[in-house]
Amino acid sequence: MSHIVSPIRQKWLQNTTTYGKITEDVCRPIESKPSMQWIFWTLVSGLVMLTGFALIGWTMWKGIGTWGLNWTVGWGFDITNFVFWVGIGHAGTLISAVLMLFRQPWRNAINRASEAMTIFAVICAAMFPILHMGRLWLGLWFLPLPNTRGSLWVNFNSPLLWDVFAISTYFSVSLVFWYLGMIPDFATIRDRMARAGRKLEAWIYGIASFGWNGSSRNWSRYEIVSLILSGLATPLVLSVHSIVSMDFATSVIPGWHTTIFPPYFVAGAIFSGFGMVQTLMIVTRKVYGLENYITMDHMESIAKIVIATGSLVGLAYTTEFFIAWYSGSLWERYIFINRMFGPYWWAYWAMFTCNVVTPQLFWFRKIRTNMLITFIISIFVNIGMWFERFVIIVSSLHRDFLPSSWAMYTPSWVEAGIFIGTFGLFMFCFFLFSKYLPVINMFEVKTLLYHPQQPEHTKTAVKSAN
Amino acid sequence: MKARNFVVGKFWNPDHVLEALDKLQHDRVLVYDVFSPFPIHGIEPYLNIKRTRLTVASFIYGCIGVTLAVTMMSLIYGVVWPVNIGGKPYVPWVDFTPVAFETTVLFAAHGMVITFFIVGNFWPGKKARLFDDRQTDDVIVVAIDRQKIENMDAVRKTLTDAGAFEVTEQISEGR
Amino acid sequence: MRENRYWQTPEQLHAAPAGTDPKQERDIPVDELLENALPSGRRDFLKMMGFGLSAAVLAACQKAPVKYALPYVKNPTDLVPGIPNFYATGFYDGQEFSSILVKTREGRPIKVEGNKLSPLHKGGVGARAHASILSLYDNSDARLRQPAEANGDQFVPVAWDKLDGTVPGKLAEAANAGKPIYLITGSVISPMRMAAIAAFKAKYPTAQHVVYDAINYDAIAQAHETLLGKRAMPAYRFDKAQVVASFNCDFLGTWLSPTEFTRQWTSTRKVTDTNPTVSRLYQFEAQMSLTGANADHRIPMKPSQEAAALVALYNSIAARARQDIYNAPKVELAGNFIEKASLDLWEARGKALVVSGTNDANIQQIVVAINWMLEAYGATLDLERPCLLRSRGDSTLEAALAGFAGAGAVLIHGGTNPAYSHPTAEAFTSALAKVPLRISFSSYLDDTAALCTHVAPDHHYLESWGDAQPYAGQYFLQQPTIQPLFKTRQFEETLLLWAGVKTTAFDFLRAQFAQAHKALADKKDAPSVDQLWMQSLHDGFYVHPSDGKSADAPKLAASVAPAVAAATQAIKPAELEVVLYQKVAIGDGTLTNNPWLHELPDPISKAVWDNYVAVNPVDAQAKGIKTGTHVKVTLGSYSVELPAYVQPGQARGTVAIALGYGRTKGGKVVEYSGKGLGKNAYPFVTFAGGLPRYSATGATLELTGGFTELALSQRHPTSMGRDIIRETTLSEYRKNPKAANEHQVHIVQVFPQHPKNGHWWAMAIDLNACTGCGACVVSCVAENNIAVVGRNEVKRSREMHWLRIDRYYSTNPEALEKQDLKAMELPEEYPQVIFQPMLCQQCDNAPCETVCPVLATTHSSEGLNQMTYNRCIGTRYCANNCPYKVRRFNWFNYWNDKTLYGDLYSHSEMGRLVLNPDVTVRFRGVMEKCSFCVQRLQDAKLRAKVNANSTFAKPEDGEVKTACQQSCPTGAIVFGDFNDPESEVSKLIRHERSYKALEDIKVLPNVQYMTLVRNRTEAEAASRARTQKGAETHAAADHHG
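In order, the protein sequences belong to chains C, B and X.
Residues 1 to 466 in the numbering used here are what the first sequence lists, from first letter to last.
Residues 1 to 175 in the numbering used here are what the second sequence lists, from first letter to last.
Residues 1 to 1041 in the numbering used here are what the third sequence lists, from first letter to last.
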C-alpha cells in the first residue's frame, strides 16, 4: 500500500533507473579531476574579475569623475548594471520558490543552479549602489545605525534606502534557502568521499552538511521549512524588483514618473532571469552531460516562460507609450518620442528587437528544441534587457524639463571595464560552483524516480544468518 | 543518549519500506526511525511524527520584525528627530511600508531557519550518526529498538518479506 | 621650505623657523632645584614628584612644533576675527571703471562688492571687477615678485635699490643727449597718475607720454571736435532715453562703460503698475552681442552697411527736422527698420539716443549730427560733464614708433601690452628692440615685458593707493586693502622716485587731493580738506556739487556733408566681412590670466575657455560648417585657424572673432598647460584715417578639415516651446497685465504644508531687467568658493556654477505650431534671445530631499533647501531628481587635483587665500548647490539681533542680500522675507507678472520669475503673437500632466 504517484513525473527523468545512478551522475564532476577546459575558463573569468576590481580601485582613488557621467545624467552604467543584475537574480528565486509553491516537479532539476545564479547575480548587483558613490567607506551610512552625530538617521522616504533593505533581505534569504537545499546533498557527498577514503573532502563536506543523516523526523521538518521559505521568498522576489522600480517610479523625471513600473520591472526581471537560466543551463548540461536531468522538456518550458514574459514586457512598452500620449503631458510625450527618435534611438531599438521580437521565435517547436538557436536568442534577451535599463535611465535623464541642461552621456572605458568585470565575477563564481557543489538537487530529483530497479550492490549483499 | 542495540533493515525501494512499516505498525512494533536519502512522503503516520510548529514560530518572528521596524521608524521621525523632508509629514506612514515589509520577511525567514537548526540539533561539523554509509545515497534504513521487540523472528521476517535486502543488528546511539 | 613660504601676517614674515628662536630653547632649571631639594622628606618628595611631572609637561610643550599661523600678539584696530571689514576702493583695468567695496576677512580681501553709494553703478559690479580679486593671489610663475633684469634671454631678479641706482642715470643721460624718452600707458583716468607723469616729464624734458589702448574710442572725441568744436567724449545717459538706436555698439556688454550703461538702460525697462512704459531699443549689428540679445528689434547689418544705414537714418530724420539731405547708396536691411526707428526717434526727440560702436570719425560725425537733430545733447548726452574714461597723451603709439629708432628709453605701463594687442605688433617689437633701455612696469612677464631690459613690477590695484575721474566732477578714491604680497612697488612711486621726488604713493595722493579740493574746502561752511578726505575715503568718491547752470544745446560748428561723403565712399562691400568683438568676461585680454573669467560662459554662445569664429547658420550650412569645425580665416597676410561656432543672429556674409585671446606669455592660465587659450585676432585690426577699425572686409574663410569640440556650458539652443520662460509685448501687457501669464496651476496639496513662522526666504527675478551679463555668476563663485574645473570638465558638462544663466533662442514659429520636434531644436537664423537665471529654486516640496537616502539634504523652517556636505555620500539621486538640474557634483577633488586642468593658481596654496571662510570647501563625491547664501542670511539675522539687542529682532527688508543680487547692476534679482507682506519680494511675488518655472510639477519653488515684456512695434508684435500662441497651447497641454 503505497501513495499514488502520477506517471507524468516520469518524463522529467530519462534513462535513469536507480537512485545510485543519480548520485553518480551528479557527483561525477565533484569527484573527478578538474578538466583543462574548466581550469582555463576559470582562470580567464578570474582575470576579467580582477581587472574589474582594479578599475574599481582606480575609481575609488580618483573619483567618480573617471566615469562618463555629468550633472544632467547622474546615473549611467552603474545603476543600469545594478538593475540588470538584480533582474537576472530573480529567475532563480522564482524557479526555486514560486514553481515549488505551484508544485512544478520539473523545477527540481534546475533550481539548484538557478539559485546559485541568483546569489552570484545579486552579489554583482549589490556592488553598484555602493560603488556609484565613489567613496566606499561611506557605505555604512546607508544603515540606520545609532550614532554620535546628533542622532543622525537615514531617510525612510528614499527608495534608495528601501533598496538597501530589499536587496540585503533578498540576498540573505536566498543564500539561506540555497544552502538549506544543499545540506542533504552535502551529506551524500560526505559519505561518498568517506567511502572513497578521501578524508579531507569528507571532513569539509562533513562540516558543511551539519551532520545530516536523513532521519524522517528531520525530513518532515525540512520539507515544511523549505515550503515556508518559498512562501516567503515569493512575495520577496516580487517586492524587491518593485522597490527597485520605485527608484524611478517615485521620482518626478518624465519617463521615470510612471505607475506601471513595478509590474513592468518584475516581468522584465523574470524575463531576463530566464534568459540567463537558458544561457547557463545549455552550457552546463552540455559540459557535464546532464541531458538526462535537464531534459529538452525543461528547456522547452523555460522557452515558453520566456515567450510569455517577453510578450508581457512588450505590452508594458506599448502601454507606456499610450499613457504618455493619453496623459497629455508635454514632458511625457516628448520623452517617449525622444526615446524612439532622439539621440539614443539605437539603444531603444536594440532593446525592442531583442526583448519583444526575437523571443517570439520560440513559438516554433523547431527553434525551441534547437539548443544553438535557443542559446543565441537567450544572449539576445540578456543584451536587450540590459538596454532596457540603459534606455530607461539615460534617455529619460539626458533630456528632462529644461532644455538648457540637456546633455549627452558617453561611458568611459573605466565604467565599461567595471561592467565587464562583474561578468568575470559572475562566471568565476559559477565555475567554482559547478565544480565543487552539486549543480543538481539530488534528493529532489530522487523523489522524481518512480519504480527504481534494484541496485547491484544490494543483490550481492549477504542475508543475515538464520 | 547511551548506545543501544538496534535491529536495522536496509531497503532500496521506498515503497517496500512503506509496506514494511505498515506491517510493523499492524504488529504493534514501534519503529525507532527511518533514514532515507530523500523524503518519503506519507511516512509520518507510521513513525507518529507530529506536524512541526515551525510555521507558527515563523509567523511570530515576522510579527516581531514588523513591530520593530515600524516602532523604530515612527520613534525616529516622530520623537527623536522630526525633520521636514520634501514637505512630507513628519511621520509618513505610507513610506514606511517597504522597509516594514522587508524587515518582516527578514525576521520570519532567518528566525525560522535558525529555530529549525536548533530543534533538529544541526550545527556545522556535527558528526553524523549513520546505520549505513549509503543511507544518504541509495539505501533506506529502518531502525527498530531491540529492547522494544518481543518477537525478533517475526520482525526480521516482516522486513525481509517487505523487500529488505539486509537485516542486521547494530550498536548505535541512534540519531 | 623657506622658499615660496607665504606669510599671512607681518609677524609671520619675520617669524624664524622652528627651533632657531632662542626663546623656544628656554630651559627649566630642573637640576639645581633637585640639588636644593635633595635632603628631603615625604612632602618634598611629593613636591618633587608634582614638579617633575609638570616640568616634564612644560618641557614637552616647549618642543611642540611651531606653526606659522601665529595669533595676533597685539590685536590690530578694527579687526575682529570672524567679522569682515569693507573698504571702498576703485577698479580700473584700462577698460571700465567701477567703484567697489572690498570685503576683507582677517586682513585678506576675499570679495568684491558693489558700492551702493556710487553714482555710477549704484551697487552693480561687472564680471571682471569681481574676478580681479583672484588675480591678487596669482602666484603663477609669470607674476613677478620683485624687479628683474634681462640677462640674455632670461630675467634675473634684482633689488629695487640697484634698479633705482642705475635707471635714473641712464634716463638723465638720454634726456641730456636730447634723445626722446617714451612713456607708454593706457588711458589715464587718475589725476594722481597724471601728476606723477607730469613730474616725470618735468625731470626729463625729452619724455613723451604716449597713450595706447588696445581698444580705441578716439573717433567719438574727434567727431565731436569736428562738428561741435569740443574734443570730448560725452557722458551717455541711457537712463534718460526712451528710444535708443544702436549701430554695432554693444553698450550692455563691452562698450566703454557697460556695467554703468546696463544699469542706466534697464532702469528704463522695469515695468510696474505705476509706470507701465518700457524704452525701445533698435540694434543694428553684425555679430550677436549682449545688447542685440536684449534689443526689442535686432536688425542684422554688415559692417560695410553701417555708413549707408546711418546716412539713411540721418536723411529720414533730417527730412522731419527740415535739415538738408544727402544722397547715399541704397541699403537693404530686413523690414525697413531704419524708417521705423527714425519715426520712433523723432517722436521721442529729447529722449532719444543714437550710438555707434564703430571707431570711425566720419561715421561718428553722422551719429553726432543725428543726435544733435534729436536734441540729445543736454538730455541723453552730456558734454558739460564729459566722460573721461579715454584720455589722450602727447602722441599715439603709431606716431611714436617712428621715433623709437633714436629713442633713449621706453617705459611701458603694465596695463598695456602692445607686443600682443597692437595690430602691427611686429613693427612695435622690432622698433622696441632698437631702444637701449626698455622698462616695463607690468606685474606679469607678459608679451611686452618679456622684450624689455628691466621690469619694475607694479602693485595689484588692491595693494595701491590711487584715484580716478571717470567723469568730470566725479572723483573716486582707491585705497589698498592688504599689504603688498610681493616685493613690488607702485607705478607712481617708481616714476616719482626716478623723477627725483622721494615720496610714498599715499603722501603724493593726499597732497594731490588737498590741492584739487582746496578750492572747494575754502568755500565757507564747506567741510575741511581732512573731512573731505575722510568722507571720500569712506564713501569711495566725492562728487563736486553741480554749478547748477544747465548746458545750452551746442551749435553745429561744421557741416556733416564731408563726413557723409567720405563715409559713403569708404564703403567697399565684400564677400566676407570680419567683425572683431570683445567678450563680456575677457574684454581686451588684460585680465586674461584669471580662471574665473575663462570659466564664466559667454552670455551668448555659452562657450568657455576659448574664442572661435562665429558663423551665420545659413552660411554654415552652405559651407558645411558645424560648431567645432576648424575654419581658417585669412585677411591680408594674417590668418587664424579656429573652431567655428554656428551663431544664430550672425549677419550673413560676416564672421565674428573675439579679441583678447591667444596670448602666449603672462601666466599659467594664459599658457593653459602649454596649449594657450584661443587665437589672437588683433592682427585683423585695420587702420582707417589713423584710427583702428574693429571690423574688416575682404576676408576669406576655408575649412581645414580639423574638428575641436568647443566647451559649451549650454548645449541646447531653444526652449522647445516649453512653458519655462513667459514673454509678452508692451502692447499686450498694457491690455492685460497678466498677458502670457494667465495660466496659474491649481495646486492640490496631499499633505498639509509645514508652517514657516519665522522667515520665509524667497526670490523674485525680473526677466525684463536681466540682461544676462553674468556678473552674478562670478559673484556667486567668489562668495561660495566654487571650484574652477577647466575646459575638459566643462566639455563633459560638469561645470560647478551654482547659478547659471540659461539662454534660449526663439525657434521657427511654424515648427512650433506644427510641434515638429526636430525643427524646434533649431533656432531661427535671426532669433529673439531670452535669458533666465537658473539657480536652486528652494522648492517647498523638494524632490531632491525625498530621495536622499541619508538625509544630507533637508528643508529648513525658513523654506531653505539645505545641503549637509559632510553627510552627503554622493548617490547623485537628488541631482537626477531635480527638475531644474541645478545640483552640482564634485566629480573629482577639484580643489587640489591638478591633473585635471593643469595647474591653475586658483587651486594653489596662495590662490586659496581668496576662499570665503564662512563657506565650506567641498570634497569629491559631495553634492552642492545654491544655498541662497545662507551664510549671509545667518550673518544678517545675528547682526539684527545684536544691533537691536533683542532675540526677536529681524533684519530689515533689503538688509539681506544674496551675492548674485548684490552684484546685479540692474537689480533684476530681489530677495527677502515672503512672510513680511511689505517686503519688496513679497510684493513682486504677488504681482501679475510673477510666475513659477515648471509650476505644474508642483514642487512649490520659492524662486519666482517676472514675465519678460518686450517693447516691439505693433506690426512685429502681431507677427510674434503666433509664436506665443504656439508656446501657450503646448504649455496648456502640459498642465494636465
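Note that the Cβ used here is the ideal one computed from N, Cα and C, for glycine as well.
For clarity, every value in this text was computed on a predicted model and none was experimentally measured.
Tell me where the beta strand (DSSP E) around residue i begins and ends.
i	result
Q478(X)	Q474 to Q478
N362(X)	Taken as a continuous stretch (DSSP letters only), N362(X) belongs to no beta strand (DSSP E), being part of the alpha helix (DSSP H) at A361 to M373.
Assign residue i to one of three DSSP states: helix, strand, or coil.
i	result
A89(X)	Note on residue identity: the sequence assigns Thr, not Ala, to residue 89(X). DSSP places T89(X) in strand when its eight states are reduced to three.
I171(B)	strand
N294(X)	helix
I805(X)	strand
T697(X)	strand
R221(C)	helix
M763(X)	strand
D525(X)	coil
A235(X)	strand
V311(C)	Note on residue identity: the sequence assigns Ser, not Val, to residue 311(C). The answer is helix: DSSP assigns S311(C) an H, G or I state.
Locate the alpha helix (DSSP H) running through residue i, then write down its first and last residues.
i	result
Y170(C)	P159 to A196
G114(X)	No alpha helix (DSSP H) holds G114(X); the beta strand (DSSP E) holding it covers R108 to G114.
Q569(X)	A561 to A570
K941(X)	V934 to A948
K162(X)	W160 to N176
L432(X)	A425 to A433
K623(X)	P617 to K623
Taking the CB atoms as reference points, tell me whether residue i and residue j lie closer together than 8 Å.
i	j	result
G86(B)	E825(X)	no
N70(C)	R796(X)	yes
K11(B)	A164(B)	Per the sequence presented here, residue 11(B) reads as Phe, with Lys not at that position. Against a cut-off of 8 Å, the Cβ pair of A164(B) and F11(B) comes out as a contact.
P1044(X)	R392(X)	Missing from the structure shown is residue 1044(X); chain X here goes from 1 to 1041 and no further.
Y27(C)	R192(C)	Contrary to the premise, residue 27(C) reads as Cys rather than Tyr in this sequence. Going by C-beta atoms, C27(C) is nearer than 8 Å to R192(C).
S861(X)	K756(X)	yes
Would you tell me roughly how many angstroms separate the C-alpha atoms of residue i and residue j, rounded to the nearest one?
i	j	result
P258(X)	E96(X)	8 Å
N336(X)	V311(X)	14 Å
H297(X)	S279(X)	12 Å
K23(X)	I83(X)	Caution is warranted here: a pLDDT of 47 is assigned to K23(X), below 50, making its placement in the model unreliable, and the coordinate value is therefore given only provisionally. Looking at the two C-alpha atoms, the distance is approximately 32 Å.
W178(C)	V926(X)	39 Å
K822(X)	S810(X)	14 Å
P955(X)	Q935(X)	14 Å
L1004(X)	A341(X)	43 Å
I323(C)	P263(C)	15 Å
V29(B)	L21(B)	9 Å
L677(X)	W256(C)	41 Å
R105(X)	M910(X)	15 Å
What does residue i reach in chain B if we use C-beta pairs closer than 7 Å?
i	result
N218(C)	G120
Anything in chain C within Cβ reach of residue i, meaning under 9 Å, just list it in chain order.
i	result
M838(X)	L402, S404 and S405
Under 8 Å Cβ-Cβ, which residues of chain B neighbour residue i?
i	result
Q454(C)	W12, N13 and F165
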